[in-house]
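Read the sequence shown against the UniProt record's numbering and you will find it ends at 405, with the numbers running on by one and no gaps.
A virtual CB, placed ideally from N, CA and C, is assigned to each residue, including glycine.
As the structure is a computational prediction, the values presented were derived from the model and not from experiment.
As structure tokens, the structure follows; a few thoughts come after it.
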Amino acid sequence: MSVTAPATKPAPDHHAQFIELLQTSLEQNGFIKLVLAKYVGDEAELQRVIIKAVTVKAQPNLSFVYRYKTRDITKNLPLSEGVATIAALLPASFKNAHLLAVTDEAQLEYSKKGKSSLFKSKPQQLREAPSAEHNREKNRFLELSRPFLKDLGVTNAQNELIPAMSRKWKQINKFIEVFSHALTSSPLALDKPVRVADFGSGKGYLTFAIHDYLRNTLKAEGEVTGVELREEMVNLCNAAAAKLDHPGLVFKCGDVRSMAPSELDVMIALHACDIATDYAIHTGIRSGASIIMCSPCCHKQIRLQIQSPALLKPMLQYGLHLGQQAEMVTDSLRALFLEACGYETKVFEFISLDHTNKNKMILAVKRAEPVDPAQLLVKIEELKAFYHISEHCLETLLRADGYLA
Numbered sequence: 001m002s003v004t005a006p007a008t009k010p011a012p013d014h015h016a017q018f019i020e021l022l023q024t025s026l027e028q029n030g031f032i033k034l035v036l037a038k039y040v041g042d043e044a045e046l047q048r049v050i051i052k053a054v055t056v057k058a059q060p061n062l063s064f065v066y067r068y069k070t071r072d073i074t075k076n077l078p079l080s081e082g083v084a085t086i087a088a089l090l091p092a093s094f095k096n097a098h099l100l101a102v103t104d105e106a107q108l109e110y111s112k113k114g115k116s117s118l119f120k121s122k123p124q125q126l127r128e129a130p131s132a133e134h135n136r137e138k139n140r141f142l143e144l145s146r147p148f149l150k151d152l153g154v155t156n157a158q159n160e161l162i163p164a165m166s167r168k169w170k171q172i173n174k175f176i177e178v179f180s181h182a183l184t185s186s187p188l189a190l191d192k193p194v195r196v197a198d199f200g201s202g203k204g205y206l207t208f209a210i211h212d213y214l215r216n217t218l219k220a221e222g223e224v225t226g227v228e229l230r231e232e233m234v235n236l237c238n239a240a241a242a243k244l245d246h247p248g249l250v251f252k253c254g255d256v257r258s259m260a261p262s263e264l265d266v267m268i269a270l271h272a273c274d275i276a277t278d279y280a281i282h283t284g285i286r287s288g289a290s291i292i293m294c295s296p297c298c299h300k301q302i303r304l305q306i307q308s309p310a311l312l313k314p315m316l317q318y319g320l321h322l323g324q325q326a327e328m329v330t331d332s333l334r335a336l337f338l339e340a341c342g343y344e345t346k347v348f349e350f351i352s353l354d355h356t357n358k359n360k361m362i363l364a365v366k367r368a369e370p371v372d373p374a375q376l377l378v379k380i381e382e383l384k385a386f387y388h389i390s391e392h393c394l395e396t397l398l399r400a401d402g403y404l405a
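This is the structure we're talking about:
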């Protein structure tokens with residue numbers, strides 16, 4: 001007599017159920033947002049994707065914000081294409097998806113072995129779906145209504161962007177975006193004043209912006225100092241700060257060599273010429289800054305020293321390439337010195353400031369735990385020997401203080 005085994009209950013298709021929940025929320029205008037996390041793909045520095053509903057040219061779309069460590073990339077897709085993209089990303093690229101809707105909430109997770117789990121819950125109170133009207137400023141880190149923008153000539157009396165200042169407006173927001181990302185990975189706590197110095201602050205666009213972002217967006221207390229050589233600029237910015245009642249914001253006349261604060265949390269120096277960038281980085285390190293943001297300008301010191309290997313000379317006979325090599329070597333060494341001093345450092349292309357092609361940024365965030373610099377220092381010496389570099393200003397400053405002993 002044979003016994004028939006009981007039928008095995010098929011495993012639930014959590015992926016299909018989750019996509020169905022997404023489709024339903026979109027069809028019922030109840031979709032709020034979807035976050036894809038636990039990225040397992042090959043794209044460097046991609047952390048998560050945030051998806052919201054928008055309207056583009058009177059058509060419903062899904063806006064995908066690809067969030068990297070130092071930048072965001074936004075892509076808008078029609079609903080059907082957007083849903084298909086989400087379905088393809090799970091679980092191939094992301095192992096976690098969190099759906100937030102007006103009437104419910106769902107989370108899809110995949111284990112390391114590929115096993116899926118789907119969790120669903122009802123909200124304690126009904127949520128309100130956000131407007132899907134596509135606002136080009138919605139991903140901005142600052143609002144055009146901020147008073148300092150009017151006083152600095154970025155907006156008019158109606159808080160509208162002055163067309164000639166559109167590039168400057170983008171630059172300000174990009175700077176705050178980079179700072180925001182750095183802040184989340186830094187050891188800085190916002191329960192006490194954040195001390196910031198902006199060397200070469202100029203007209204104060206970025207100095208006002210970072211103070212406003214700390215104070216009005218993050219609700220933190222900022223002690224921000226703009227340092228500028230031109231006295232007329234200092235007076236202009238101080239007058240604007242006084243008029244707008246910005247506590248904790250002040251501008252002083254001087255430069256990075258003459259005004260070195262004892263303690264800093266954030267050090268900014270954009271377009272400090274040649275070795276002034278080295279002095280700024282040195283100031284940030286010895287002041288204990290958790291975040292150092294530099295946009296170098298000119299690379300004369302190293303360019304005059306470099307003796308290119310014979311193999312590279314045919315390529316470097318062209319002046320443009322010679323200059324690019326000097327920039328690359330100078331800033332690579334700066335980044336390596338920062339790494340040796342306990343910072344996680346990135347060098348990346350930053351949106352052009354002051355309408356110049358100098359758009360590189362060195363971003364350094366202090367590590368929670370120190371690292372042994374021995375191997376880094378060996379690599380630095382090898383790189384210097386390869387190019388016959390006898391002195392790098394930043395190294396000289398750091399060794400004088402015993403940082404690279």
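DSSP state of residue i, grouped into three classes?
| i | result |
| --- | --- |
| K52 | strand |
| N76 | strand |
| H388 | coil |
| I362 | strand |
| E109 | strand |
| Q317 | coil |
| Q158 | coil |
| I306 | coil |
| E223 | strand |
| S290 | coil |
| D198 | strand |
| S258 | coil |
| V35 | strand |
| E228 | strand |
| A269 | strand |
If you count every other CB in all the chains shown that lies within 10 Å of the CB of residue i, and 16 or more means buried, which is it?
| i | result |
| --- | --- |
| residue 412 | The structure shown does not extend to residue 412, since the chain is modelled only from 1 to 405, so the question has no answer here. |
| M315 | exposed |
| A289 | buried |
| R334 | buried |
| L188 | buried |
| V378 | exposed |
| H355 | Low per-residue confidence applies at H355: pLDDT is 43, beneath 50, and the placement is therefore not dependable, though the value from the model is reported in the following sentence. So H355 ends up on the exposed side. |
| Y318 | exposed |
| S295 | buried |
| D278 | buried |
| A53 | buried |
| D372 | exposed |
| S186 | buried |
| C273 | exposed |
Roughly how many angstroms lie between the CA atoms of residue i and residue j, to the nearest whole one?
| i | j | result |
| --- | --- | --- |
| H14 | L118 | 6 Å |
| F208 | M267 | 15 Å |
| H388 | H271 | 26 Å |
| A220 | D245 | 16 Å |
| V83 | L99 | 12 Å |
| F251 | I292 | 19 Å |
| N156 | W169 | 13 Å |
| T74 | A405 | 45 Å |
| C341 | I362 | 14 Å |
| G30 | A164 | 40 Å |
| K120 | L376 | 49 Å |
| S390 | A269 | 25 Å |
| G202 | E223 | 18 Å |
| F64 | V178 | 19 Å |
| L149 | F350 | 22 Å |
| R286 | L322 | 32 Å |
| D151 | G204 | 11 Å |
| E43 | R367 | 23 Å |
| V154 | L206 | 12 Å |
| C237 | K360 | 26 Å |
| P370 | I275 | 26 Å |
| N159 | Q28 | 36 Å |
| K115 | C297 | 52 Å |
| L142 | L183 | 16 Å |
For the beta strand (DSSP E) containing residue i, name the first residue and the last one.
| i | result |
| --- | --- |
| L236 | Unbroken run through L236 is the alpha helix (DSSP H), 231-243; no beta strand (DSSP E). |
| P147 | Counting along the chain, P147 falls outside any beta strand (DSSP E), though it belongs to the alpha helix (DSSP H) covering 147-151. |
| S116 | 116-121 |
| L398 | Taken as a continuous stretch (DSSP letters only), L398 belongs to no beta strand (DSSP E), being part of the alpha helix (DSSP H) at 393-400. |
I'd like to check one pair, residue j with residue i: are the Cβ atoms closer than 7 Å?
| i | j | result |
| --- | --- | --- |
| I176 | V196 | no |
| K69 | H181 | yes |
| L394 | I306 | no |
| L89 | L36 | yes |
| A260 | L249 | no |
| V227 | L214 | no |
| L229 | D198 | no |
| I19 | A87 | yes |
| T330 | I302 | yes |
In terms of residues, what are the limits of the alpha helix (DSSP H) holding residue i?
| i | result |
| --- | --- |
| T24 | 14-27 |
| I285 | 276-286 |
| C253 | Premise fails: C253 lies in the beta strand (DSSP E), 249-253, not in any alpha helix (DSSP H). |
| D265 | Unbroken run through D265: none, as it is neither H nor E. |
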